[in-house]
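J.: Encoded as structure tokens, here's the structure I'll be asking about.
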Amino acid sequence: MSKERIQIAEELFDIMPAEYQDLVKRATYGNEQRGWKDIGNAKELIEEHSLCAGCPESMAFRYILASLPNPEDTVMVGSTGCTSLVFPHVAVHNIHSLFGNQNAIASGLKRALTVRFPDRHKDVVVLAGDGATVDIGLDMTLQAWFRQEKFTTICFDNELYANTGGQESGLMQKGFVAKMAPVGKTFEKVRLPEIARESGCHYVVNCTVSKPNLIEKVIKNAVHIAREIGPTYLQLYTPCILEIGKNSMEGLQEMRDSEKPTERFAYKEYVSEPAKELLAELAAKEKERKAEAKRQLAGQSA
Amino acid sequence: MTTSYRVMPGPEHFLPPSAASMGIRLPDPGQGSIHGTIVTEEEAMEQAARQLLSAKVPTIFPGPLVLWAWNEKAAKKAKAIRYLYETIKESVDSSQHAMLIPMPDYRPKYPKINPEIEINPNHPNLTIWHNKIDACIFVGVHCHQANLSLKIIRGGTNCYTIAMCAQAGHEDAMLSIRDTTADKLIRLAEWVKKLKGSVPPPV
């Protein structure tokens with residue numbers, strides 16, 4: 010499916026900029042096995058970005074867009090922040106919400122899509138920074154979870170308001186001194202993953218984006234669980250290298266340092282019982298698919 | 044409401060008023076508009092052909108509604124647009140340079156667009172300035188984006204704008220033809236053929 014819906018008119022194909030021709034010819038829309046390993050082999054759904062050189066958020070965007078299971082039928086909802094600079098370059102439907110409103114918009118959107126397309130999976134994925142998710146939009150974030158809205162919320166946690174010069178955010182770690190928060194944070198980092206679990210999320214992960222295969226796994230799990238069961242939440246550490254005084258090439262190491270077992274982004278996962286059953290079911294299907302592919306391959310070579 | 048305001052090639056000024064706010068109204072079915080004056084559709088077709096033939100760089104800007112073959116009508120229009128472009132190219136003098144530049148996307152493109160290969164509704168003047176386009180056709184561009192672009196073009200360039208609109212036309216275009224179908228695009232091409240040689244090329 011999917012690729013048939015996005016054909017360029019034959020007569021005007023030659024005048025289309027190369028990136029659009031590539032999207033039609035070489036993107037992975039409709040490929041159920043798509044994942045981060047397509048990066049470099051297929052056309053990515055992000056053309057370029059206007060983030061700072063070496064920004065871990067750009068890595069996160071690339072891995073997430075490569076891992077969405079159903080990009081042609083996915084709508085992403087963004088909010089104010091660095092992420093909103095990237096969405097214009099993304100070949101997935103997206104909506105920019107008012108600062109903090111992202112989960113309210115996504116709720117209405119998901120319900121409308123379910124009514125309008127009852128026979129098709131339409132995934133909604135919220136992607137916003139920590140300011141939008143935890144400070145300004147906390148009400149909308151929590152209410153969507155309480156209502157068991159079936160979409161995924163991803164928070165790019167850079168632990169401050171990077172886009173506006175480094176103000177303190179709820180997810181900033183205690184004691185951290187930022188350019189616009191010279192006194193230092195006086196209270197603990199808000200424990201949103203735990204709040205998410207208590208608020209009814211069926212799948213919660215707290216990690217960094219240093220490992221693309223891990224990001225692929227958690228994105229696919231989160232989207233599938235949200236589609237079938239209920240809200241899911243991913244909190245991904247995407248440090249702002251400028252605001253924490255690092256250089257362009259130090260983002261990856263910063264994430265690796267922050268995911269050590271005793272650190273604040275050590276991998277943490279919560280899966281509800283119904284979600285566990287679904288994941289087991291999906292794993293069994295995947296195993297069967299691989300076995301079938303193997304059988305077919307053996308049949309061909311015999 | 045009557046108005047003395049005329050929708051003329053600019054540069055009008057940095058923030059030109061919307062033509063609708065100055066009393067310009069849209070044509071009814073079967074009509075067109077030239078500089079805000081209601082005329083018959085045939086008159087508008089003839090004038091559009093004359094503008095294209097007398098421009099140094101007559102250009103067609105097809106938008107997403109025709110660039111993507113999302114239904115049969117769109118595919119048919121794309122074919123007609125290509126025919127119109129080829130007709131203009133064959134009909135103009137060697138000193139003139141016909142162009143076909145797509146508007147594939149409405150998203151603002153940063154840090155820059157390539158004005159040689161595309162036009163963006165948020166800064167259409169860049170493509171027009173870069174290619175020295177002095178007459179253009181908008182076709183297959185959603186109304187709100189066309190309105191935005193046409194006003195920016197009128198504000199900052201001297202380009203003559205022609206709207207081949209699938210709906211009711213555009214007040215901010217210098218020339219508007221409404222209810223555009225593939226057949227109407229071909230009719231415009233026929234007008235270009237008919238007037239070929241009778242319109243002096245630009246000096």
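Top line first, the protein sequences correspond to chains A and B. Note that the numbering used here has the first sequence beginning at 10, numbered continuously upward. Note that the numbering used here has the second sequence beginning at 44, numbered continuously upward. Note that the Cβ used here is the ideal one computed from N, Cα and C, for glycine as well. All values reported here derive from a predicted model rather than from experimental measurement.
When burial is assigned at 16 or more other CB atoms within 10 Å of the CB, is residue 227 of chain A buried or exposed?
T.: buried
J.: Report the residue from B:93, B:152, B:243 and B:115 whose alpha carbon sits nearest the alpha carbon of residue 170 of chain B.
T.: B:152
J.: Identify the contact partners of residue 124 of chain B in chain A, using a Cβ-Cβ distance below 8 Å as the criterion.
T.: Those are 20 and 21, listed as they occur along chain A.
J.: Whose C-beta lies closer than 6 Å to the C-beta of residue 52 of chain A among residues of the same chain, with five residues either side of it excluded?
T.: 31, 32, 35 and 36
J.: Have a look at the DSSP bridge pairing and note the partners of residue 242 of chain A.
T.: A:162 and A:213
J.: Taking a cut of 8 Å between CB atoms, which residues from the segment 52 to 69 of chain A lie near chain B?
T.: 59
J.: Taking a Cβ distance cut-off of 8 Å, strictly less, list which residues of the segment 16 to 45 of chain A are near chain B, in chain order.
T.: 16, 17, 18, 19, 20, 21, 24, 25, 26 and 29
J.: By the 10 Å Cβ neighbour count, where 16 or more other Cβ atoms means buried, how is residue 173 of chain B classified, buried or exposed?
T.: Exposed is the call here.
J.: In this structure, does DSSP put residue 102 of chain A in helix, strand or coil?
T.: Correct three-state label for residue 102 of chain A: strand.
J.: On the DSSP bridge list, what partners appear for residue 170 of chain A?
T.: The partner list for residue 170 of chain A (beta bridge, DSSP) reads A:176.
J.: Sorry if obvious, but does the Cβ on residue 104 of chain B come closer than 8 Å to a heavy atom of the ligand FAD?
T.: This structure lacks the ligand FAD; in fact it carries no ligand of any kind.
J.: Are the C-beta atoms of residue 97 of chain A and some chain B residue less than 9 Å apart?
T.: Interface residue, yes.
J.: Determine the direct distance from the alpha carbon of residue 187 of chain A to that of residue 175 of chain A, and round the result to whole angstroms.
T.: 6 Å
J.: Which same chain residues end up closer than 6 Å to residue 10 of chain A when comparing Cβ atoms and leaving out the 5 residues on each side of it in sequence?
T.: Low confidence applies to residue 10 of chain A: its pLDDT is 44, below 50, so where it sits in the model is not reliable enough to give any reading.
J.: For a contact defined as C-beta to C-beta under 8 Å, what are the partners of residue 109 of chain B on chain A?
T.: 18 and 21
J.: Would you say residue 147 of chain B reaches chain A, if we count a Cβ-Cβ gap shorter than 9 Å as a contact?
T.: yes
J.: Can you say whether residue 276 of chain A is buried or exposed, counting buried as having 16 or more other CB atoms within 10 angstroms of its CB?
T.: exposed
J.: Determine the extent of the alpha helix (DSSP H) in which residue 51 of chain B is found, giving its start and end residues.
T.: Unbroken run through residue 51 of chain B: none, as it is neither H nor E.
J.: Do you know how far the Cα of residue 183 of chain A is from the Cα of residue 192 of chain A?
T.: 11 Å
J.: Taking the Cβ atom as the reference point for each residue, do residue 94 of chain B and residue 195 of chain B lie within a distance shorter than 9 Å?
T.: no
J.: So which residues of chain A does residue 175 of chain B contact, with C-beta pairs closer than 8 Å?
T.: Here the premise fails: no neighbours, minimum Cβ distance about 19 Å.
J.: Taking contact to mean 3 or more Cβ pairs, one atom from each stretch, closer than 8 Å, check whether the segment 128 to 137 of chain A and the segment 161 to 171 of chain A are in contact.
T.: yes
J.: Distance check for residue 151 of chain A and residue 180 of chain A, CA to CA, integer angstroms please.
T.: 15 Å
J.: Can you tell me where the alpha helix (DSSP H) holding residue 87 of chain A begins and where it ends?
T.: No alpha helix (DSSP H) contains residue 87 of chain A, which is instead part of the beta strand (DSSP E) from 83 to 87.
J.: Kindly list the residues whose CB is nearer than 8 Å to the CB of residue 250 of chain A, restricted to its own chain and excluding five residues on each side of it in sequence; keep chain order.
T.: 61, 63, 64, 65, 256, 257, 259, 260 and 263
J.: Quick check: the Cα distance between residue 50 of chain B and residue 208 of chain A, rounded to an integer number of angstroms?
T.: 58 Å
J.: Can you tell me whether residue 237 of chain B is buried or exposed, with buried defined as 16 or more other CB within 10 angstroms of its CB?
T.: exposed
J.: Determine the direct distance from the alpha carbon of residue 128 of chain B to that of residue 69 of chain A, and round the result to whole angstroms.
T.: 43 Å
J.: Could you tell me whether the segment 211 to 221 of chain B touches the segment 60 to 75 of chain B, where touching means 3 or more Cβ pairs closer than 8 Å?
T.: yes
J.: Give a yes or no on contact between the segment 80 to 96 of chain B and the segment 108 to 126 of chain B, applying the rule of three or more CB pairs nearer than 8 Å.
T.: no
J.: Decide yes or no for the touch test of the segment 172 to 186 of chain B against the segment 101 to 115 of chain B: beta carbon pairs closer than 8 Å, at least 3 of them.
T.: yes
J.: Starting from residue 278 of chain A and walking both ways along the alpha helix (DSSP H), at which residues does that stretch end?
T.: Note, residue 278 of chain A: premise wrong, no alpha helix (DSSP H); beta strand (DSSP E) at 277 to 280.
J.: Would you call residue 194 of chain A buried or exposed, if buried means 16 or more other Cβ atoms sit within 10 Å of its Cβ?
T.: buried
J.: Cβ of residue 72 of chain A within 9 Å of Cβ of residue 224 of chain A?
T.: yes
J.: Taking the straight line between their C-alpha atoms, what separation do you get for residue 177 of chain A and residue 244 of chain A?
T.: The straight-line gap from Cα to Cα measures roughly 18 Å.
J.: Are the C-beta atoms of residue 94 of chain A and some chain B residue less than 9 Å apart?
T.: Judged by the 9 Å Cβ criterion, residue 94 of chain A is in contact with chain B.
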